[in-house]
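Under this note's numbering, the first residue of the sequence shown carries the number 21, and numbering increases by one thereafter. For each residue, glycine too, the CB sits at the ideal point set by N, CA and C. Owing to the predicted nature of the structure, the values given are computational and were not obtained by experimental measurement. Input: a single structure, listed below in structure tokens.
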Amino acid sequence: MRDDATKKGKQVEDKEKETEAKTADAEAEKTCESSQSDEADKDETAKEEPAGAAEQDGEPHKSEKPKENSEEEALNAKYLRLMADFQNFKRRTEKEKSDIYAFANEKIISELLNVIDNFERALDAGNAEDSFYKGMEMILKQLLGVLEKAGASEIAALGEEFDPNFHNAVITEDSDEYESGKVTEVLQKGYVLNNKVIRPSMVKVAK
21 MRDDATKKGK QVEDKEKETE AKTADAEAEK TCESSQSDEA DKDETAKEEP
71 AGAAEQDGEP HKSEKPKENS EEEALNAKYL RLMADFQNFK RRTEKEKSDI
121 YAFANEKIIS ELLNVIDNFE RALDAGNAED SFYKGMEMIL KQLLGVLEKA
171 GASEIAALGE EFDPNFHNAV ITEDSDEYES GKVTEVLQKG YVLNNKVIRP
221 SMVKVAK
């Protein structure tokens, strides 16, 4: 009898130990799951934070990029304006230089025209058979050659349509030979120097 009681007591004790062991294992497993859950939450939070930080870091870059583009466009526009101004200055300088070369002798040529006028008047009144006349005629041809080399030429007038840009009408007269508005007589020859009128023709015009 004593052996049976001892045996039963041992069985009860073993069951209690087994129950305690299961309870301990359950609590340990629960603690482990809780720890893993906490670590998972931490990892998730850690993943989300950099994303948020990246968004926050990205915002200033987004705001700075348009600013950089605006400054670049302003500098580019300024550069284009400077280049345009420089090109205009260059063209203007080249034109002024060209005009200086083209009209450097304008004053001398204008004064020379008066000498040519006197030669032509003398020849009109002279005798073509006179040797002196022929000498004056040769000098006049040389003077006209100098004008041509300098870029000066006579303005066409006689029989031409009156043009106020080239002709100066001194008298209007009736004419059977020329139509109305035509130049009937040239009183003084006009000249252009490199397409610039340095002296208009003084003319008579048909009514």
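Nearest candidate by alpha-carbon position, reference residue i, set the options
i, options, result
"V217", "E193, V203, L143 and P184", "P184"
"G201", "E126, G179 and K110", "G179"
"E11", "F109, L133 and I120", "The question about residue 11 has no answer here: the residues shown for the chain are numbered 21 through 227."
"V166", "N96, V135, S118 and L100", "V135"
"L164", "A148, D137 and E88", "D137"
Chain-order list of residues whose beta-carbon lies under 6 Å from that of residue i (same chain, five-residue window excluded)
i, result
"L102", "none"
"T204", "S195, Y198, K224 and A226"
"Q208", "M222"
"C52", "A caution first: C52 carries a pLDDT of 48, below 50, which makes its placement in the model too unreliable to give a value."
For residue i, the first and last residue of its enclosing beta strand (DSSP E)
i, result
"L213", "Y211 to L213"
"K154", "No beta strand (DSSP E) contains K154, which is instead part of the alpha helix (DSSP H) from S151 to K169."
Neighbourhood of residue i by C-beta, 7 Å cutoff - its chain only, sequence neighbours within 5 removed
i, result
"I191", "K224"
"A177", "H187, V203, V206, G210, S221 and V223"
For residue i: DSSP bridge partner residues
i, result
"R112", "For R112, which the question treats as bridged, DSSP gives no partner whatsoever."
"A189", "V223"
"Q208", "M222"
"V203", "V225"
"S173", "V212"
"P181", "The sequence shown places Glu at residue 181, not Pro. Looking at the DSSP assignment, E181 forms a beta bridge with K202."
Where residue i falls, given that 16 or more other Cβ within 10 Å makes a residue buried
i, result
"L213", "buried"
"A172", "buried"
"R219", "buried"
"I120", "exposed"
"I175", "buried"
"I129", "buried"
Boundaries (first-last residue) of the alpha helix (DSSP H) holding residue i
i, result
"A142", "E126 to A145"
8 Å CB neighbourhood of residue i in its chain, flanking five on each side removed
i, result
"M156", "F139, A142, L143 and G146"
"A189", "F182, V223, K224 and V225"
"A124", "none"
"F152", "G146"
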